[in-house]
Amino acid sequence: MAEQLTVPQAFALLQLAPDGKRALASQAFDMALAGAVLADLALRGVVSLEDGRVTVTKGAATDDPVLDGVVGTIAASGAPRKAKWWVTRLGKRPLRDDVFGSLVQRGIVVSEQRKALGIFPTTAYPERDGGPESLVRAAIADVLAGRTAPTPFSAAVIGLLDATNTLRRQFGNVDRSLVKDITSGSWAAPAVKAVLDEIQMSVIIGAVAATTAATTASS
Numbered sequence: 002m003a004e005q006l007t008v009p010q011a012f013a014l015l016q017l018a019p020d021g022k023r024a025l026a027s028q029a030f031d032m033a034l035a036g037a038v039l040a041d042l043a044l045r046g047v048v049s050l051e052d053g054r055v056t057v058t059k060g061a062a063t064d065d066p067v068l069d070g071v072v073g074t075i076a077a078s079g080a081p082r083k084a085k086w087w088v089t090r091l092g093k094r095p096l097r098d099d100v101f102g103s104l105v106q107r108g109i110v111v112s113e114q115r116k117a118l119g120i121f122p123t124t125a126y127p128e129r130d131g132g133p134e135s136l137v138r139a140a141i142a143d144v145l146a147g148r149t150a151p152t153p154f155s156a157a158v159i160g161l162l163d164a165t166n167t168l169r170r171q172f173g174n175v176d177r178s179l180v181k182d183i184t185s186g187s188w189a190a191p192a193v194k195a196v197l198d199e200i201q202m203s204v205i206i207g208a209v210a211a212t213t214a215a216t217t218a219s220s
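Each position in the sequence shown, counted from 1, maps to that position plus 1 in our numbering.
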């Protein structure tokens with residue numbers, strides 16, 4: 002089943018091009034992964050949002066090293082913080098490496114060291130087993146076509162794709178009213194909705210900052 006993947010694993014697989022490169026820029030990808038982790042934890046009931054702040058529930062554990070690592074980080078922070086703060090704080094290269102590392106460990110992708118422009122070292126993750134991604138794509142395509150009802154898992158993944166403006170790129174033309182119903186309706190838990198809102202805002206802010214920095218550097 003597609004839901005044997007975690008939400009960040011599913012999102013990462015959907016963002017991989019056939020050559021193993023990411024189809025989304027690093028900053029947006031990393032923040033979306035952080036949001037995917039929070040969304041997954043919210044779906045599991047491991048974290049909750051109280052007054053907009055992320056709180057770890059007592060005795061929380063997922064048995065997934067990546068998710069549990071984030072739970073430990075949140076629990077050790079000392080004070081509840083807003084989802085936006087955590088999206089920005091966690092959305093870095095180490096989380097990206099951890100998520101892809103978990104996919105490598107499961108034998109779904111392989112890690113290949115390459116050089117961009119023949120100079121800069123980079124890592125690509127071509128698929129070794131396309132089955133899990135195919136299951137995710139089929140499940141989401143069925144939901145977007147109205148053939149099946151969304152699950153909380155598929156609603157979270159669709160919300161992440163929509164928040165990062167990659168839903169149409171991945172699945173073609175979509176019914177915007179249906180997408181709105183999926184991401185804001187009863188299928189998405191309130192905590193997940195709050196996380197998706199924070200991802201969208203963080204991605205927008207990050208994109209504006211990156212564009213401003215590039216413009217300043219070239220002027």
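Glycine included, each C-beta is placed from N, C-alpha and C at the ideal position.
Keep in mind the model is a prediction, meaning the values are calculated, not measured.
Spanning the alpha carbons of V105 and Q114 requires a straight line of approximately 13 Å. Beta-carbon to beta-carbon, V47 and A61 are separated by about 4 Å, close enough to satisfy the 8 Å threshold. For the 7 Å CB-CB criterion, P133 and I183 do not form a contact. Of the candidates Q171, P127, I120 and V88, the residue whose Cα lies closest to the Cα of Q28 is V88. Take T58, set aside five residues on each side of it, and the residues of its chain with a beta-carbon closer than 8 Å to its own are G46, V47, V48 and S49, in chain order. Bridge pairing for L25: absent [DSSP]. When the Cα atoms are used, Q16 and A139 turn out to be separated by approximately 15 Å. Put simply, the backbone Cα of I159 is about 7 Å away from that of I141. Ranked by Cα distance from A18, the first of A11, P153 and Y126 is Y126. Per DSSP, V158 lies in no beta strand (DSSP E) segment; the continuous alpha helix (DSSP H) that holds it begins and ends at P153 to A164. Minimum Cα-Cα distance from A24 among the listed residues K181, R170, F154 and V196 corresponds to R170. The C-alpha of S112 is placed about 24 Å away from the C-alpha of L161. The Cβ-Cβ distance between A40 and A195 does not fall below 7 Å.
About 17 Å separates the CB atoms of V144 and L14; that is not less than 8 Å, and the two are not in contact. Close CB contacts of D69 within its chain, under the 7 Å cut and outside five residues either way in sequence, are with A62 and T63 (chain order). Between V180 and T123, the alpha-carbon positions lie close to 34 Å from each other. For the 7 Å CB-CB criterion, D99 and V67 form a contact. Going by C-alpha positions, K93 is about 16 Å away from F12.
Between L197 and G36, the beta carbon gap of about 7 Å places them in contact (Cβ cut-off 8 Å). Remark: C-beta atoms of D52 and T7 do not approach each other more closely than 7 Å.
Note: P122 is bridge-paired with K116 in the DSSP secondary-structure output.
Proximity to S155 across W86, E128, G131 and S185 peaks at S185, based on C-alpha coordinates.
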